[in-house]
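Engineer: Structure below; questions to follow.
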Amino acid sequence: MTSSRAVAPMRDVVVIGAGPAGLAAAVTAATAGLDVALVDAGRRPGGQYYRHHAAETGGLHHGWDAFVRLRDALDRLTYLPGHRVWHVEDGFTVHALAGDRDERPVRIDARSVIVATGAYDRSLPFPGWDLPGVLTAGGAQALLKGDRVTAGERIVVAGTGPFLFPVATGLAGAGATVVGVFESNRPYGFARHLARHPGKAWEGAGYAAALARHRIPYRTGHAVVAAHGDGRVEAVTVARLDRDWAPVDERVIECDTVAVGYGFTPQLEIPLHLGCATRVDTDGSPVVAVDVAQRTNVPGVYAAGETTGVGGAQLSLVEGELAGLAVAEAAGGIAPDPAHVSRLLARRRRLRAFAEAMHEAYPVRPGWMGRLNDDTLVCRCEEVTRGRLAEATGLGATDPRSAKLLSRAGMGWCQGRVCGYATSWLTATACGRSPGPDDLLAAARRPIAQPVRLRDLADD
Amino acid sequence: MTEIVFEGRPVPFEPGQSIGAALTAAGIRSWRTTRFGGRPRGLFCGIGVCFDCLITVNGRPSLRACMVEARPGDVVEGGGPDA
C-alpha cells in the first residue's frame with residue numbers, strides 16, 4: 076500500500092482528476108504502455124459530468140458509452156478514488172489525503188503530471204443566497220446524478236448558460252416541479268453556432284422538448300435577485316433585466332429550492348503551485364496556457380479539460396486524449412498515429428470555437444452587483460457583508476489581496492472559491508475599474524489546495 | 063439496517079448516498095449554524111468546494127456532508143457555532 080512512510084514506485088505519469096479529461100488522459104497513456112496513477116477526490120470515476128449513482132445505467136447522461144469504455148479500461152492503471160490532492164511538489168510528488176472520514180496521508184511520485192482538476196460553479200451573491208434551499212446548479216445536479224435525490228419539490232432554476240437545461244429537465248424528469256428557468260442573458264445569436272454542431276443541436280432540441288413536456292417556462296433576460304424565507308427558502312424575487320442586468324420589473328414566486336449557477340470557474344490551485352503560466356479565456360477567466368500537445372510551460376506538466384478553458388465534456392475528452400498521447404511520446408518514446416492526432420486537433424479546434432461562442436453568448440453583466448444590500452453576505456464562510464467589503468475598499472484595499480486581509484472575505488474554509496469571483500468584481504468596481512485577470516488570479520491562488528490538519532503537514 | 067441517526071432521529075439512506083443527500087431526501091435542509099450570525103446552513107455547492115455543509119459524524123467534526131458516504135448506524139450531529 077502506498078503511504079508516506081513506505082517506498083513508493085516512481086510512475087511515468089500521475090493524472091489528477093478522473094472527470095472526462097483525466098479519464099481520457101490516463102487511459103490513453105496507460106494503453107500506450109505507461110505506468111499511470113489516476114488520483115481523484117470522488118468516490119466513483121467520472122468527475123462532475125459523469126457523476127453517477129452506484130447502480131447507474133446511463134439514463135441521465137449524454138455520452139454514457141464513452142464513459143463506460145474509459146471506466147472499463149481503468150484496470151490498465153492504478154486508480155485511486157477518494158484521494159484529495161492538497162499539494163504537488165516539483166519533480167513530482169503528489170500529496171493527498173485518502174478516505175472520506177479517517178484520512179490518511181498518501182504520496183505518489185511521478186515523472187510527469189497531467190492536471191485535469193475541472194471546474195466548479197461560478198456563484199454570484201444576492202440577498203438571501205445563504206438560506207438553506209439555495210444550491211448551486213451543479214450542486215442540485217450532483218445530488219440528482221450521484222445520489223438520486225431531488226434537491227426540493229418546487230424548484231426555481233436560474234443563472235446563465237446552457238447547463239441550466241440539463242439541470243431543469245433532470246429535476247423535472249425525477250418528479251420535482253420546476254417552477255421556471257430564468258436565464259439572465261438573451262442568447263439569440265447562439266442558435267447559429269448550434270447549427271454548425273449537429274450533436275449539440277440535437278442535444279439542445281432534446282432539452283427544448285423536455286422543457287415543453289414538463290411545461291417548464293424558460294425566460295431569457297430574467298434573474299433571481301433575492302431569496303426569502305425564515306430559516307429556509309420560501310420564495311424568490313425574479314426580475315426582468317435590462318442589457319446590463321439591472322432590474323426592470325419584479326415579481327415574487329413561491330418555491331422551496333433554488334438551483335443557481337453563472338457558468339464555471341476552473342480549479343487552478345495545483346497548476347498555479349507548479350508555476351504554470353495562464354492566459355485569459357473568452358469569458359475573462361484565467362486558465363492554464365497550453366500548447367498544441369496540452370503541455371504547460373513547466374516541463375513535464377500537462378493540463379487538459381476545464382482548467383485550460385471551460386468548454387464541456389466533449390472538448391475535455393479530446394484534450395485528455397491529446398495529453399495522454401503527448402505524455403506517451405515524451406515519457407515512453409511512443410509516437411502517435413499522425414492521422415489520428417490531426418483528427419483530434421481538428422475536433423479540438425471546432426469544440427473550442429463552440430466554447431468561445433458559448434462564453435460570448437452567456438457573459439456576466441455588471442448589474443448583478445446592484446442586487447446586493449449593505450447587509451448581504453458576499454463571503455459565506457467568514458460572513459463578510461458587502462458593507463464590510465466596501466469599508467475595506469474605503470480604507471485603501473484596492474487590490475484583491477488587501478481587500479481579503481482587511482475584510483476577511485475569502486479567508487474561511489473554502490478559501491475564496493465561492494466568493495472570489497464576486498469579491499474581485501466588487502473590489503475592482505469600487506476602485507473604478509473592470510475586474511481583470513490579475514484580480515481573478517489573486518482569488519485563485521491558495522497556499523494549499525485542500526484544507527489539511529497541521530499534523531498531516533508535519534508528517535510530510 | 064440502512065439508517066443513520068441524525069440528532070437522535072433515524073434517517074434512512076440508500077447505499078452509496080452521501081450523508082448530505084440522505085438528510086436532504088428526509089427533508090432536512092440545514093444542520094449547523096454559523097459562528098457570527100447564527101445562520102442555518104446545509105448543502106450549497108454539493109461537490110466539496112464550499113464547506114457550508116460541515117457535520118460531525120461519530121464524533122469526528124468538520125466533515126463535509128456532501129462528501130462522506132453514509133454507513134449504517136452513523137451517528138450524525140450538526141452543530142452550533144464553530145461546528
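Residue numbers (the working numbering), protein chains in the order written: chain A, 76 to 535; chain B, 63 to 145.
Every residue, glycine too, gets a C-beta built ideally from N, C-alpha and C.
1. A/Pro346 touches chain B at which residues, Cβ-Cβ below 8 Å?
2. Could you tell me the boundaries of the alpha helix (DSSP H) in which A/Val143 lies?
3. Should the segment 188-203 of chain A be called in touch with the segment 340-349 of chain A, which here means at least 3 C-beta pairs below 8 Å?
4. Rounded to a whole number of angstroms, what is the C-alpha to C-alpha distance between A/Ala101 and A/Gly399?
5. Spell out whether any CB of chain B is found under 8 Å from the CB atom of A/Thr77.
6. Rank A/Tyr124, A/Trp277 and A/Pro512 by C-alpha distance to the C-alpha of A/Trp139 and give the top, closest one.
7. Name, please, each residue of chain B whose Cβ falls closer than 7 Å to the Cβ of A/Leu155.
8. CB of A/Gly214 to nearest heavy atom of the ligand NAD: below 7 Å?
9. Helix, strand or coil: which one does DSSP assign to A/Ile291?
10. So, does the segment 447-455 of chain A touch the segment 487-506 of chain A, judging by three or more C-beta pairs under 8 Å?
11. Just the Cα atoms here: how many angstroms apart are A/Val308 and A/Gly255?
12. For A/Val541 versus A/Leu152, is the C-beta spacing smaller than 8 Å?
13. Who are the near neighbours of A/Leu172 in its chain, counting only those whose CB is closer than 8 Å to its CB and skipping five residues on each side?
14. For A/Ala141, I'd like the list of residues in its chain whose CB is within less than 6 Å of its CB, leaving aside the five on either flank, ordered along the chain.
15. Please report the Cβ distance between A/Gln490 and A/Arg521, rounded to the nearest whole angstrom; I am assuming they are in contact, meaning their Cβ atoms lie under 8 Å.
16. Can you tell me where the alpha helix (DSSP H) holding A/Tyr496 begins and where it ends?
17. Where A/Arg492 and A/Gly92 are concerned, what is the direct C-alpha to C-alpha distance, given to the nearest angstrom?
18. Please work out which residues of its chain come closer than 6 Å, Cβ to Cβ, to A/Leu218, disregarding the five sequence neighbours upstream and downstream, and give them in chain order.
19. Would you call the segment 286-296 of chain A in contact with the segment 474-488 of chain A, where contact means no fewer than 3 C-beta pairs closer than 8 Å?
20. Let me check one thing: in DSSP terms, what residues is B/Ser80 bridge-paired to?
21. Name, please, each residue of chain E whose Cβ falls closer than 7 Å to the Cβ of A/Trp488.
22. Give the straight-line distance between the Cα atoms of A/Gly250 and A/Thr244, rounded to the nearest whole angstrom.
23. Can you tell me whether A/Trp277 is helix, strand or coil according to DSSP?
24. Can you give, in chain order, each stretch of the beta strand (DSSP E) that sits fully within the segment 305-361 of chain A and has at least 3 residues?
25. Leaving out five residues before and five after A/Glu329 in sequence, what residues of the same chain have Cβ atoms less than 6 Å from its Cβ?
26. Give the interface partners of B/Glu131 over in chain A, defined as CB-CB distance under 7 Å, in chain order.
27. In whole angstroms, what separates the C-alpha of A/Leu516 from that of A/Pro202?
28. Could you say which of A/Gly94, A/His137, A/Arg424 and A/Ile183 lies nearest to A/Arg146 if we only look at CA atoms?
29. Hey, could you find the ends of the alpha helix (DSSP H) A/Leu149 is sitting in?
30. Rank B/Glu139, B/Gly141 and B/Cys115 by C-alpha distance to the C-alpha of A/Trp488 and give the top, closest one.
31. So, with DSSP's three-state summary, where would you put A/Val416?
32. Taking the continuous alpha helix (DSSP H) assigned at A/Thr106, which residues delimit it?
33. For B/Thr64 and A/Ser187, I'd like the C-alpha separation in whole angstroms.
34. With a cut-off of 8 Å on the beta carbons, I'd call A/Phe67 and A/Ala436 a contact; round off their distance for me.
35. Chain A beta carbons: is any one of them nearer than 8 Å to that of B/Pro134?
36. For A/Ala194, report the span of its beta strand (DSSP E) as first-last.
Structural biologist: In brief:
1. Simply none; closest approach about 17 Å.
2. Trp139 to Arg146
3. Contact annotation: the segment 188-203 of chain A touches the segment 340-349 of chain A, with at least three C-beta pairs closer than 8 Å.
4. The straight-line gap from Cα to Cα measures roughly 6 Å.
5. Below a pLDDT of 50, predicted positions are generally treated as unreliable, and A/Thr77, at 44, falls in that range; the measurement from the model is reported next regardless. Not closer than 8 Å to any Cβ of chain B, the Cβ of A/Thr77 fails to qualify, so no.
6. A/Tyr124
7. In chain order: nothing, as chain B lies at least about 16 Å away.
8. As presented, the structure is devoid of all ligands, the ligand NAD included, so that no description of it is given.
9. coil
10. yes
11. 16 Å
12. What the structure shows of chain A is the stretch from 76 to 535, and residue 541 of chain A is not part of that stretch, so it cannot be assessed.
13. His158, Arg159, Trp161, Glu178, Arg179, Pro180, Val181, Gln525, Val527 and Asp531
14. none
15. 5 Å
16. Gly495 to Ala505
17. 18 Å
18. Val224 and Ala226
19. no
20. B/Glu131
21. Considering every chain present, this structure includes no chain E. Its protein chains are A and B.
22. 10 Å
23. DSSP places A/Trp277 in helix when its eight states are reduced to three.
24. Qualifying beta strand (DSSP E) stretches, in chain order: 310-316, 322-329, 332-337, 339-341 and 353-355.
25. Ala310
26. Ordered by position in chain A, the residues that pass the 7 Å Cβ test against B/Glu131 are Arg118 and Asp175.
27. 26 Å
28. A/Gly94
29. Where A/Leu149 is concerned, there is no enclosing alpha helix (DSSP H), given that its DSSP letter is neither H nor E.
30. B/Cys115
31. Of the three classes helix, strand and coil, the one that applies to A/Val416 here is helix, per DSSP.
32. Pro95 to Thr106
33. 43 Å
34. The question about residue 67 of chain A has no answer, for chain A in this structure spans 76 to 535.
35. no
36. Ala194 to Asp196
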